[in-house]
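Enquirer: Taking the numbering used here, the leading residue of the sequence shown gets 26, the next gets one more, and so forth.
Using N, Cα and C, we set each Cβ at its ideal position, and we do this for glycine too.
Provided herewith is a single structure, encoded as structure tokens, for subsequent inquiry.
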Amino acid sequence: MTDWIAAAAALTPETRLFIDGEFRPAADDATFPTFAPRDGTEIARVSSAGEADVDAAVTAAHRAFTSGIWARADRRERQRVLFRLADLMEEHLDELALLESIDSGHPISDARNVDVPNAIRVFRWYAEAIDKVSDQVAPAPEQALALVTREALGVIGAVVPWNYPLIITAWKAAPALATGNSVVLKPAENTSLSALKLAALAAAAGVPAGVFNVVPGLGPVAGQALGRHSLVDKITFTGSPKVGLGFLGYAAESNGKLVALELGGKSPQVVLADAPDLDAAASAIAWGIFYNAGQTCHGGSRLIVEESIHDELLTRVLAHASAFNIGDPLLADTQIGTIASATQLERVLSYVELARRDPSVTVYGGEVLQPDGLAGYYLAPTVFDGVDNSSPLGQEEIFGPALSVSTARSAAEAIALANDSEYGLAASIWTSDLATAHRAARELRAGTVWVNSYDVADVITPFGGFKRSGSGRDRSMHALDAYTALKTTWIDLGGGTLSSHAESE
Ligand code: NAP
Ligand code: MG
């Protein structure tokens with residue numbers, strides 16, 4: 026397929042809620058508009074779940090869970106269904122990519138070559154994993170058998186943001202479903218369309234009714250209703266710290282459900298004077314912040330560079346930034362698309378204004394663009410040089426194509442500045458010295474540290490943050506633990522005195 030603009034015009038996306046195995050409008054027929062950030066036009070109106078709809082979805086999920094149709098199905102049956110889902114996603118790759126691209130502003134080339142294939146890989150990976158893990162037998166006394174097993178938690182509420190809708194959904198839904206849970210997914214208001222397509226494919230793959238539900242809607246309504254529902258056993262959330270911490274409140278005020286949070290970041294890219302290859306560093310730094318127009322939770326939004334190489338590195342970063350092909354996400358050669366919404370563009374521009382008013386900061390880029398006359402949300406890659414790390418430009422998450430540059434006089438000062446943040450999602454260190462690299466990797470308070478690279482990632486490793494960046498970890502085999510609870514079973518084998526005081530004997 027090459028004419029993505031024509032293909033987008035011919036799309037008729039599913040816009041209804043998916044509850045208990047069927048698409049249906051909201052109980053009160055409410056809808057909200059979803060826009061195409063490439064040109065600001067309305068794509069469709071999407072059903073807006075209210076409290077009654079969320080209750081119906083959670084009740085269906087709970088019923089499906091307690092019936093055992095999925096949770097107690099043979100692992101190989103769940104595996105077969107999830108493989109089939111991955112196959113169907115592959116068959117519908119173009120359509121999924123197109124929905125993701127028009128709804129979020131991701132370049133179609135990324136949606137088709139990165140986002141959807143990654144989501145497919147995640148479903149396959151967890152399907153493959155579930156019959157490779159065994160439970161434990163504890164070293165109990167001779168006359169007993171003590172089993173430590175893992176069981177699905179029950180109903181998982183997944184609340185996701187708009188920056189990588191399908192990938193983040195897969196990180197949560199795939200391990201949750203693979204381990205036998207039921208899922209109720211609340212996509213972001215800006216980007217519900219790929220999730221609804223996923224629901225249709227899941228049903229076609231044989232995921233039983235009630236096991237996977239999708240309830241698009243407004244955060245404070247549908248998101249809150251899910252967070253407060255007493256039949257939800259765990260919330261897995263990715264988004265902003267403010268909303269994420271709100272889910273802890275919902276949990277405390279309802280049933281004390283588990284809450285795993287993946288929040289934002291202000292991730293530092295630290296470049297020391299002995300960096301092995303400044304041009305490689307400059308390229309990784311530019312991709313590390315400008316990929317997906319900077320709307321990446323682990324985007325490397327702070328560059329902390331040793332003073333002696335500041336000018337040379339900055340020149341190279343600016344050269345890479347100005348070489349990106351920024352344009353209509355539906356053109357195959359576009360490398361960087363749009364900001365996801367008018368609101369988010371405003372937010373990023375408010376930081377450009379702040380930087381322009383600061384006499385110690387030099388601003389490069391920062392212009393709103395209109396490629397091919399499109400009235401979408403395009404912003405030139407932006408660099409703020411001379412940022413005081415303790416100022417808002419050094420501390421606050423901008424979540425757009427904006428890099429804040431600060432200098433340090435030594436490696437120790439660079440690492441101290443890197444750690445001087447409320448966040449701790451990711452960090453990088455560029456150096457030729459092995460010991461410095463290892464020491465820095467230990468000292469950087471971040472869930473992921475890259476040495477002489479940035480943004481290398483795969484489902485094989487965990488992802489999540491320290492400090493205000495959150496508590497949960499998506500991806501890797503550890504995610505299987507995140508969607509299961511431990512159960513202890515003591516069996517008296519007879520022929521002895523197995524008492525509850527065994528430990529103190
Ligand atoms: P957000 O406003 O926190 O929204 C995240 C989700 O929560 C959306 O589905 C949203 O629904 C919902 N929500 C909003 N208000 C709510 C409320 N009062 N109660 C319950 N749910 C509510 O975040 P965003 O603006 O979509 O995404 C950008 C943020 O996410 C950035 O700060 C970014 O750093 C962070 N992020 C972090 C990671 C990570 O892995 N650490 C990954 C991606 C993004 P609506 O869409 O309807 O508002
Ligand atoms: Mg949209």
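Using 7 Å as the threshold, is the C-beta distance between Trp150 and Val484 below it?
Expert: Within the sequence shown, the letter at position 125 stands for residue 150. Within the sequence shown, the letter at position 459 stands for residue 484. Yes, the pair counts as a contact, with Cβ atoms nearer than the cut-off.
Enquirer: To the nearest angstrom, how far is it from the Cα of Ala533 to the Cα of Ser129?
Expert: Because the chain in this structure spans residues 26 to 530, residue 533 falls outside the shown range and cannot be described.
Enquirer: Is the beta carbon of Ala505 less than 7 Å from the beta carbon of Thr204?
Expert: Here residue 505 corresponds to residue number 480 of the sequence shown, with the count starting at 1. Here residue 204 corresponds to residue number 179 of the sequence shown, with the count starting at 1. In the sequence as presented, Ala is not what sits at residue 505; that position holds Leu. The answer is yes: Cβ separation under 7 Å.
Enquirer: Give me the residue from Asn350, Trp475, Ala81, Glu468 with the minimum Cα distance to Asp45.
Expert: By one-based count along the sequence shown, residue 45 stands at place 20. Answer by Cα proximity: Ala81.
Enquirer: Return the CA-CA distance between Leu303 and Ser457, expressed in angstroms with no decimal places.
Expert: As a working note, residue 303 is residue 278 in the sequence shown. As a working note, residue 457 is residue 432 in the sequence shown. Taking the straight line from one Cα to the other gives about 11 Å.
Enquirer: Can you tell me which residues form a DSSP beta bridge with Val180?
Expert: Here residue 180 is taken as the residue at index 155 of the sequence shown, counted from 1. Val180 pairs with Ser207.
Enquirer: Would you call the stretch 304-323 in contact with the stretch 446-460, where contact means no fewer than 3 C-beta pairs closer than 8 Å?
Expert: Yes, the stretch 304-323 touches the stretch 446-460.
Enquirer: Specify whether the stretch 37-56 and the stretch 231-239 touch according to this definition: at least 3 beta carbon pairs, one from each stretch, less than 8 Å apart.
Expert: The stretch 37-56, when compared against the stretch 231-239, does touch it at the 8 Å Cβ threshold.
Enquirer: Around the Cβ of Glu125, are there at least 16 other Cβ atoms within 10 angstroms (buried) or fewer (exposed)?
Expert: Here residue 125 refers to the residue found at position 100 of the sequence shown. Glu125 is buried by the Cβ-count criterion.
Enquirer: Please classify Glu39 as buried or exposed, where buried requires at least 16 neighbouring CB atoms within 10 angstroms.
Expert: For the purposes of this step, residue 39 is identified with residue 14 of the sequence shown, where counting begins at 1. Flag for Glu39 reads buried.
Enquirer: Under 7 Å Cβ to Cβ from Leu370, same chain only, skipping five residues before and after it: list those, please.
Expert: Counted from its first residue, the sequence shown places residue 370 at position 345. Result list for Leu370: Ile364, Tyr402, Leu404, in chain order.
Enquirer: Fully enclosed by the stretch 421-489, which beta strand (DSSP E) runs are 3 residues long or longer?
Expert: 427-433, 451-455, 473-476, all fully within the stretch 421-489.
Enquirer: Please report the distance separating the alpha-carbon of Ser366 from that of Asn188.
Expert: The residue given as residue 366 occupies position 341 in the sequence shown. The residue given as residue 188 occupies position 163 in the sequence shown. The alpha-carbon atoms of Ser366 and Asn188 are separated by roughly 10 Å.
Enquirer: What's the C-alpha gap between Leu511 and Glu421?
Expert: Sequence index remark: in the sequence shown, residue 511 carries index 486 (1-based). Sequence index remark: in the sequence shown, residue 421 carries index 396 (1-based). Approximately 38 Å between the Cα atoms of the pair.
Enquirer: I need the straight-line Cα distance from Glu447 to Arg105, nearest angstrom please.
Expert: If you number the sequence shown from 1, residue 447 lands on position 422. If you number the sequence shown from 1, residue 105 lands on position 80. For Glu447 and Arg105, the distance between alpha carbons rounds to 43 Å.
Enquirer: Among residues of its own chain, excluding the 5 on either side of Arg539, which ones have a beta-carbon nearer than 7 Å to its beta-carbon?
Expert: Because the chain here runs from 26 to 530, residue 539 falls outside it and cannot be looked at.
Enquirer: Are Gly290 and His323 close, meaning C-beta to C-beta below 7 Å?
Expert: For the purposes of this step, residue 290 is identified with residue 265 of the sequence shown, where counting begins at 1. For the purposes of this step, residue 323 is identified with residue 298 of the sequence shown, where counting begins at 1. Closer than 7 Å, so yes.
Enquirer: With a CB to CB cut of under 6 Å and the five nearest residues on each side skipped, what residues in its chain are close to Ala318?
Expert: Sequence index remark: in the sequence shown, residue 318 carries index 293 (1-based). Once the five neighbours on either side are set aside, the close Cβ partners of Ala318 are Ile361, Ile364, Pro426.
Enquirer: Tell me which same chain residues have a C-beta within less than 6 Å of the C-beta of Lys267, skipping the five on either side of it?
Expert: Taking the sequence shown and counting its residues from 1, one reaches residue 267 at position 242. Answer for Lys267: no residue qualifies.
Enquirer: Leaving out the 5 sequence neighbours to the left and right, which residues in its chain are closer than 7 Å to Glu176 when beta-carbon positions are compared?
Expert: Mapped onto the sequence shown, residue 176 falls at position 151. Excluding positions up to five away in sequence, the list reads Thr509, Ala510, Lys512.
Enquirer: Does DSSP put Glu102 in a helix, a strand or coil?
Expert: The residue labelled residue 102 in the question sits at position 77 within the sequence shown. Correct three-state label for Glu102: helix.
Enquirer: Does the ligand NAP have a heavy atom nearer than 6 Å to the CB of Thr486?
Expert: Locating residue 486 in the sequence shown gives position 461, counting from the first residue. Answer for Thr486: no, Cβ out of range of the ligand NAP.
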